[in-house]
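Engineer: In order, the protein sequences belong to chains A and B. First residue of the first sequence? That's 1 in this note's numbering, and the numbers climb one at a time after it. First residue of the second sequence? That's 1 in this note's numbering, and the numbers climb one at a time after it. Input: one structure, supplied below.
Number of protein chains: 2
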Amino acid sequence: MEDIFVGLIGFGTIGTGVIKLLRENEELIRKRLGARFVIKKIADVDIETTRPVTVEREILTTDVNDILTDPEISIVVELVGGYTHAKTFVLEAIHGGKHVVTANKALIATYGNEIFDAADDEKVNIGFEASVGGTIPIIKTLKESLAGNNIESVFGIMNGTCNYILTRMTKDGKDFASALKDAQDLGFAEADPTFDIEAVDTAHKLAIILSLSYGKRVVLDDIYREGISEISWQDIEFAGELGYTIKLLAIAIRRGDTIEARIHPTMIPFDHILASVNGNFNAFHLIGDASDSVFLYGQGAGMMPTASAVVGDMIDISRDIMAGIWRRVPLRSYKKDRIEDINLLEMDDVSTNYYFRFSAVDRPGVLSAISGILGSYNIGISSVIQKEIKLDRDAVPLVITTYKAREKDVQMALEEIDKLDIVFGKTTLIRIEDDALR
Amino acid sequence: MEDIFVGLIGFGTIGTGVIKLLRENEELIRKRLGARFVIKKIADVDIETTRPVTVEREILTTDVNDILTDPEISIVVELVGGYTHAKTFVLEAIHGGKHVVTANKALIATYGNEIFDAADDEKVNIGFEASVGGTIPIIKTLKESLAGNNIESVFGIMNGTCNYILTRMTKDGKDFASALKDAQDLGFAEADPTFDIEAVDTAHKLAIILSLSYGKRVVLDDIYREGISEISWQDIEFAGELGYTIKLLAIAIRRGDTIEARIHPTMIPFDHILASVNGNFNAFHLIGDASDSVFLYGQGAGMMPTASAVVGDMIDISRDIMAGIWRRVPLRSYKKDRIEDINLLEMDDVSTNYYFRFSAVDRPGVLSAISGILGSYNIGISSVIQKEIKLDRDAVPLVITTYKAREKDVQMALEEIDKLDIVFGKTTLIRIEDDALR
Numbered sequence: 001m002e003d004i005f006v007g008l009i010g011f012g013t014i015g016t017g018v019i020k021l022l023r024e025n026e027e028l029i030r031k032r033l034g035a036r037f038v039i040k041k042i043a044d045v046d047i048e049t050t051r052p053v054t055v056e057r058e059i060l061t062t063d064v065n066d067i068l069t070d071p072e073i074s075i076v077v078e079l080v081g082g083y084t085h086a087k088t089f090v091l092e093a094i095h096g097g098k099h100v101v102t103a104n105k106a107l108i109a110t111y112g113n114e115i116f117d118a119a120d121d122e123k124v125n126i127g128f129e130a131s132v133g134g135t136i137p138i139i140k141t142l143k144e145s146l147a148g149n150n151i152e153s154v155f156g157i158m159n160g161t162c163n164y165i166l167t168r169m170t171k172d173g174k175d176f177a178s179a180l181k182d183a184q185d186l187g188f189a190e191a192d193p194t195f196d197i198e199a200v201d202t203a204h205k206l207a208i209i210l211s212l213s214y215g216k217r218v219v220l221d222d223i224y225r226e227g228i229s230e231i232s233w234q235d236i237e238f239a240g241e242l243g244y245t246i247k248l249l250a251i252a253i254r255r256g257d258t259i260e261a262r263i264h265p266t267m268i269p270f271d272h273i274l275a276s277v278n279g280n281f282n283a284f285h286l287i288g289d290a291s292d293s294v295f296l297y298g299q300g301a302g303m304m305p306t307a308s309a310v311v312g313d314m315i316d317i318s319r320d321i322m323a324g325i326w327r328r329v330p331l332r333s334y335k336k337d338r339i340e341d342i343n344l345l346e347m348d349d350v351s352t353n354y355y356f357r358f359s360a361v362d363r364p365g366v367l368s369a370i371s372g373i374l375g376s377y378n379i380g381i382s383s384v385i386q387k388e389i390k391l392d393r394d395a396v397p398l399v400i401t402t403y404k405a406r407e408k409d410v411q412m413a414l415e416e417i418d419k420l421d422i423v424f425g426k427t428t429l430i431r432i433e434d435d436a437l438r
Numbered sequence: 001m002e003d004i005f006v007g008l009i010g011f012g013t014i015g016t017g018v019i020k021l022l023r024e025n026e027e028l029i030r031k032r033l034g035a036r037f038v039i040k041k042i043a044d045v046d047i048e049t050t051r052p053v054t055v056e057r058e059i060l061t062t063d064v065n066d067i068l069t070d071p072e073i074s075i076v077v078e079l080v081g082g083y084t085h086a087k088t089f090v091l092e093a094i095h096g097g098k099h100v101v102t103a104n105k106a107l108i109a110t111y112g113n114e115i116f117d118a119a120d121d122e123k124v125n126i127g128f129e130a131s132v133g134g135t136i137p138i139i140k141t142l143k144e145s146l147a148g149n150n151i152e153s154v155f156g157i158m159n160g161t162c163n164y165i166l167t168r169m170t171k172d173g174k175d176f177a178s179a180l181k182d183a184q185d186l187g188f189a190e191a192d193p194t195f196d197i198e199a200v201d202t203a204h205k206l207a208i209i210l211s212l213s214y215g216k217r218v219v220l221d222d223i224y225r226e227g228i229s230e231i232s233w234q235d236i237e238f239a240g241e242l243g244y245t246i247k248l249l250a251i252a253i254r255r256g257d258t259i260e261a262r263i264h265p266t267m268i269p270f271d272h273i274l275a276s277v278n279g280n281f282n283a284f285h286l287i288g289d290a291s292d293s294v295f296l297y298g299q300g301a302g303m304m305p306t307a308s309a310v311v312g313d314m315i316d317i318s319r320d321i322m323a324g325i326w327r328r329v330p331l332r333s334y335k336k337d338r339i340e341d342i343n344l345l346e347m348d349d350v351s352t353n354y355y356f357r358f359s360a361v362d363r364p365g366v367l368s369a370i371s372g373i374l375g376s377y378n379i380g381i382s383s384v385i386q387k388e389i390k391l392d393r394d395a396v397p398l399v400i401t402t403y404k405a406r407e408k409d410v411q412m413a414l415e416e417i418d419k420l421d422i423v424f425g426k427t428t429l430i431r432i433e434d435d436a437l438r
């Protein structure tokens, strides 16, 4: 039986899960792969703390070079996280002729082009299934199963923290702060949750999805993003009345030669399958021009689900090694010489449906003034909800949903409306997806 | 640019879809694969009828040997369907050293062992993603993405015809006969629907899933199956009252060294994601010991969704060809020398929850008599619904659900109950899944 020697960098939660899984399912993996994984070294700055798996003392090291310079190690599993050290380790592993498996979406989204180019030059493979959607086989599905399809659209719930918070707000009527606190208490959110709730994490994942779906080099900062911290229980209630659930969606839509890419809280119809994705689950709703809808759902994080994806990549790469080849599927799904810079649609030119919640004075003429301004920007009203709920400063909420309108027009109209003295504060805007989300 | 020569056997709906897709996305496929598919010959008994795609007359043939003996053709796509001719063609293609892609679940479920052994001997690959779940990447997910997992369970909606019929019965209150008629009018059901509604088609698919999940040789007839033709609107209504939806589920559960495998109408909780799979969609809910729940959903049939899976397999095999190898993933997910005969749990020994609908006389003592017999077989009652709806012969429906009970006990109890003169006709039994279906 062949041995595949592996070096693991980063012995945190996921690293522990990988060791646990390789050990518990060792015999199963042998039956499927026909080879055995041998963890030759585990590098971490902390090799003293006891983990939930026991490993022999002599395979632990604080010196990553024990892995990077070991000629016997053919696969390096990078589970350090972050950009700086991880990038150095991964590039050194590649230049040492080692295949790399990583769960690091920040690294791939930010330095993917440099890393992939280096891997092409050195004829090694990079497995990054765990970087997007945890255990969900979204990367393999895009690169292999749907390879015959133009990807018409991807709608994804890609961040478990945000989805958990929105689920608690929706199901339990909690406000944002208290749902966030719950998520933190359960370990679903960090002490500093900015990265998740401001959609930075989701942007990393969408950047990777865009790159694979369209064969493009993506500049992370070009992707429009809004987080969930401004969503109130009022908006969730109004959404319910209108037949919608609010989710933080990452959206990619093919529009001829340009790509529409945006991340924001989104109202989606109750009966769409994405609306049934609750708690800390992730999901991807893809539409291919031949496949039609394909929906993938599972745990987007967590020790064992992420380890499942890491080990899946290790097996994938090992099957290539055992077949005597170094790689068979291009890293970005397209052949290297066909990768192009992405051409993103300007957010101003996006057209969708909108929900507005105004805080207005409770007197006649308000609706007329607001609808007049909307009309002057070609924004058609599809429904109005006016309620006698007194807010602070004698304001009442006025909710308006629109037919398809252009983002630029909407922004200009709201700027004008928010200057009216019959309107208090900044108007809440949430986009609605009905059409593209078949 | 490399050319990959392909021969297509069977120019029906799916064959037409494959040609259409290869033509429409030719440039896209080149960008991803770095090669071009050349359809060298298409064989069909009918080469006169016009199809929705135009092909040059000279590539059409009625003689399948024009494909099977052509040394330039490296991939044979078999879309004939059925067992007899398809088997001959596939085995001849294999013995001619050609890779095969097929959408034929009946063939793979029935003759898979013979075909896979021949392919191993001849060092060729067999792509059969399209045979289960149409466009859904269930085969690749089991063989590759989840390769590090013990598959704890698979719950699948694997037949679009049955799911369409049950959806119409549930949403529109139709009875079975009229929902079947709708399905036939829309082309979702055959004129003779037996194969679908009696769950033969689902059994083929479950046999393939079992084989891949557990590395087993499966005997098709060993799988317990019940179709949907006995489901009445009454049962659907009672299910709704109890918080369940009725779906035809194919179920595989790992129970130590044995496997539980069964297909029958099943009540599942409203809020389980499988309950939201409506119309002619298919879905698979897998639980891996590391991955936890993974849910895959999409079109299980149809021209272009099936063509998407066929072309995905063609690209997969071509990537191997271009890398100079003949195969890297074992056909049954496990290495050939680790494949074993399956050890299925006897249906009598299955334990689950049950729904019974008795037709009973409307007088005191009935519930006591029935519950007495159930009790004597160790069947605990979890709920009772008794309604004053008069049926024929003055019978009223009495609905009982149970705690977990053993199938053998249930069958013996019902046999005894059905002999009581206070009970009319044969009692309806529908199994409920609460526990295994997390």
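All residues carry an ideal CB built from backbone N, CA and C; glycine is no exception. Just so you know, these numbers come straight off a predicted model, no measurement behind them.
Taking contact to mean 3 or more Cβ pairs, one atom from each stretch, closer than 8 Å, check whether the segment 137-152 of chain A and the segment 343-359 of chain A are in contact.
Structural biologist: Contact between the segment 137-152 of chain A and the segment 343-359 of chain A is absent, because fewer than three Cβ pairs lie under 8 Å.
Engineer: Let me confirm a value: A:Ala191 is counted as buried when at least 16 other C-beta atoms fall within 10 Å, else exposed. Which label applies?
Structural biologist: As a working mapping, residue 191 of chain A is identified with position 191 in the first sequence. Exposed, because fewer than 16 other Cβ atoms sit within 10 Å of the Cβ of A:Ala191.
Engineer: Using 10 angstroms around the beta-carbon of A:Ser376, count the other beta-carbons present and answer buried if the total reaches 16, otherwise exposed.
Structural biologist: Residue mapping note: residue 376 of chain A aligns to position 376 of the first sequence, counting from 1. That one is exposed.
Engineer: Alpha carbon to alpha carbon, what distance is there between B:Ala275 and B:Thr69?
Structural biologist: Position 69 of the second sequence holds residue 69 of chain B. Position 275 of the second sequence holds residue 275 of chain B. Spanning the two alpha carbons is a distance of roughly 49 Å.
Engineer: Write down every uninterrupted run of the alpha helix (DSSP H) in the segment 355-399 of chain A whose length is 4 residues or greater and which is fully enclosed by it, in chain order.
Structural biologist: Listed in chain order, the complete alpha helix (DSSP H) runs (minimum 4 residues) inside the segment 355-399 of chain A are 366-376.
Engineer: Do the CB positions of A:Ile246 and A:Ile430 come within less than 8 Å of each other?
Structural biologist: Your numbering for residue 246 of chain A matches position 246 in the first sequence. Your numbering for residue 430 of chain A matches position 430 in the first sequence. Their beta carbons are under 8 Å apart, which means A:Ile246 touches A:Ile430 by this criterion.
Engineer: Looking at the secondary structure, which residues open and close the beta strand (DSSP E) in which A:Asn104 lies?
Structural biologist: Your numbering for residue 104 of chain A matches position 104 in the first sequence. Element bounds for A:Asn104: n/a, residue is neither H nor E.
Engineer: Give the DSSP-derived three-state secondary structure of B:Phe284 in the structure shown.
Structural biologist: Counting from one through the second sequence, the residue named residue 284 of chain B turns up at place 284. Correct three-state label for B:Phe284: strand.
Engineer: What residues from chain A crowd round B:Arg51, counting only those whose CB sits closer than 8 Å?
Structural biologist: Position 51 of the second sequence, counted from the start, is the residue given in the question as residue 51 of chain B. Within 8 Å Cβ-Cβ: nothing; B:Arg51 doesn't reach chain A, min ~17 Å.
Engineer: May I ask which residues mark the beginning and end of the alpha helix (DSSP H) holding B:Glu416?
Structural biologist: Taking the second sequence and counting its residues from 1, the one referred to as residue 416 of chain B is at position 416. Here the alpha helix (DSSP H) through B:Glu416 covers Glu407 to Asp418.
Engineer: Got a sec? Which residues, its chain only, sit under 8 Å from B:Ser351 by beta carbon, not counting five neighbours each side?
Structural biologist: As a first step, residue 351 of chain B is located in the second sequence; it is residue number 351 there, counting from the start. If we look at B:Ser351 and ignore the five residues flanking it on each side, its Cβ neighbours are Lys404, Ala405, Arg406 and Glu407.
Engineer: Mind checking which residues open and close the alpha helix (DSSP H) that includes A:Ser318?
Structural biologist: Reading the first sequence from its first residue, position 318 is the one you call residue 318 of chain A. It spans Met303 to Ala323 - the alpha helix (DSSP H) in which A:Ser318 sits, taken as one unbroken run.
Engineer: With B:Phe476 as the anchor, note down where its alpha helix (DSSP H) starts and where it stops.
Structural biologist: Because chain B here runs from 1 to 438, residue 476 of chain B falls outside it and cannot be looked at.
Engineer: Could you tell me which chain A residues have their CB closer than 9 Å to the CB of B:Glu129, listed as they occur along the chain?
Structural biologist: Taking the second sequence and counting its residues from 1, one reaches residue 129 of chain B at position 129. Ordered by position in chain A, the residues that pass the 9 Å Cβ test against B:Glu129 are Ser145.
Engineer: So which residues on chain B does A:Ile136 lean against when the C-beta distance must stay under 7 Å?
Structural biologist: Here residue 136 of chain A refers to the residue found at position 136 when the first sequence is read from its first residue. Near A:Ile136 (Cβ distances below 7 Å), the residues of chain B are Val294.
Engineer: Name the two residues that bound the continuous beta strand (DSSP E) containing B:Met267.
Structural biologist: Stepping through the second sequence from its first residue, residue 267 of chain B is reached at position 267. Here the beta strand (DSSP E) through B:Met267 covers Thr258 to Pro269.
Engineer: Quickly, what does DSSP pair B:Asp292 with across the bridge? List them, please.
Structural biologist: On the second sequence, position 292 is the one that residue 292 of chain B refers to. Looking at the DSSP assignment, B:Asp292 forms a beta bridge with B:Gly288.
Engineer: Taking 8 Å as the threshold, find out whether the segment 72-91 of chain B comes into contact with the segment 314-323 of chain B through three or more Cβ pairs.
Structural biologist: With a cut-off of 8 Å, the segment 314-323 of chain B and the segment 72-91 of chain B count as touching, because enough Cβ pairs lie within range.
Engineer: Residues of the segment 334-361 of chain B in Cβ contact with chain A at a cutoff of 7 Å, in chain order, please.
Structural biologist: Listed by position along the chain: Tyr334, Lys335 and Arg338.
Engineer: Any beta carbon from chain A within less than 8 Å of B:Gly243's own beta carbon?
Structural biologist: Position 243 of the second sequence, counting from 1, holds the residue named residue 243 of chain B. No, B:Gly243 does not count as interfacial toward chain A.
Engineer: Let me make sure I understand the geometry here. Which of A:Phe295, A:Lys174 and A:Gly156 has the alpha-carbon closest to that of A:Ile253?
Structural biologist: On the first sequence, residue 253 of chain A is found 253 positions in, with the first residue counted as 1. Ranking A:Phe295, A:Lys174 and A:Gly156 by Cα distance to A:Ile253 puts A:Gly156 first.
Engineer: Comparing the C-beta of A:Lys216 with each C-beta of chain B, is any distance below 8 Å?
Structural biologist: Counted from its first residue, the first sequence places residue 216 of chain A at position 216. No, no contact with chain B.
Engineer: How is A:Val77 classed by DSSP in three states: helix, strand or coil?
Structural biologist: Within the first sequence, the letter at position 77 stands for residue 77 of chain A. Correct three-state label for A:Val77: strand.
Engineer: Is the segment 46-55 of chain A close to the segment 338-354 of chain B, with three or more CB pairs under 8 Å?
Structural biologist: No contact exists between the segment 46-55 of chain A and the segment 338-354 of chain B.
Engineer: Among residues of its own chain, excluding the 5 on either side of A:Ile379, which ones have a beta-carbon nearer than 7 Å to its beta-carbon?
Structural biologist: The sequence position of residue 379 of chain A within the first sequence is 379, counting from 1. Closer than 7 Å at Cβ, skipping near neighbours: Thr402, Ala405, Asp409, Val410 and Ala413.
Engineer: Could you give the distance in angstroms between the alpha-carbon of A:Thr13 and the alpha-carbon of A:Glu226?
Structural biologist: Numbered from its first residue, the first sequence carries residue 13 of chain A at position 13. Numbered from its first residue, the first sequence carries residue 226 of chain A at position 226. Cα to Cα, A:Thr13 sits roughly 29 Å from A:Glu226.
Engineer: Where do the ends of the beta strand (DSSP E) carrying B:Glu152 lie?
Structural biologist: The residue you call residue 152 of chain B lines up with position 152 of the second sequence. Its beta strand (DSSP E) spans residues Ile151 to Ile157.
Engineer: Would you kindly work out how many angstroms separate the C-alpha atoms of B:Arg512 and B:Asp349, rounded to a whole number?
Structural biologist: Residue 512 of chain B is absent from the structure shown; chain B starts at 1 and stops at 438.
Engineer: What first and last residue would you give for the alpha helix (DSSP H) that runs through B:Thr428?
Structural biologist: The sequence position of residue 428 of chain B within the second sequence is 428, counting from 1. Where B:Thr428 is concerned, there is no enclosing alpha helix (DSSP H), although the beta strand (DSSP E) it sits in stretches over Val423 to Ile432.
Engineer: Beta carbons nearer than 7 Å to chain A: which residues of the segment 11-28 of chain B have them?
Structural biologist: Per Cβ criterion, the list reads Leu21, Asn25 and Leu28.
Engineer: Would you verify that the beta carbon of B:Ser211 is, or is not, closer than 8 Å to some beta carbon of chain A?
Structural biologist: Here residue 211 of chain B refers to the residue found at position 211 when the second sequence is read from its first residue. No, its Cβ sits nowhere closer than 8 Å to a Cβ of chain A.
Engineer: Using a Cβ-Cβ cutoff of less than 7 Å, which residues in the same chain neighbour B:Lys98 once the five nearest sequence positions on both sides are dropped?
Structural biologist: Working through the second sequence from its first residue, we reach residue 98 of chain B at position 98. Excluding sequence neighbours, B:Lys98 sits near Ile73, Ser74, Ile75, Val76 and Val124.
Engineer: Could you spell out the range, first to last residue, of the beta strand (DSSP E) harbouring A:Asp3?
Structural biologist: Taking the first residue of the first sequence as 1, we reach residue 3 of chain A at position 3. Note, A:Asp3: beta strand (DSSP E), Glu2 to Ile9.
Engineer: So, using beta-carbon positions, are A:Leu220 and A:Ile259 closer together than 8 Å?
Structural biologist: Translated into the one-based positions of the first sequence, residue 220 of chain A becomes position 220. Translated into the one-based positions of the first sequence, residue 259 of chain A becomes position 259. Going by C-beta atoms, A:Leu220 is not nearer than 8 Å to A:Ile259.
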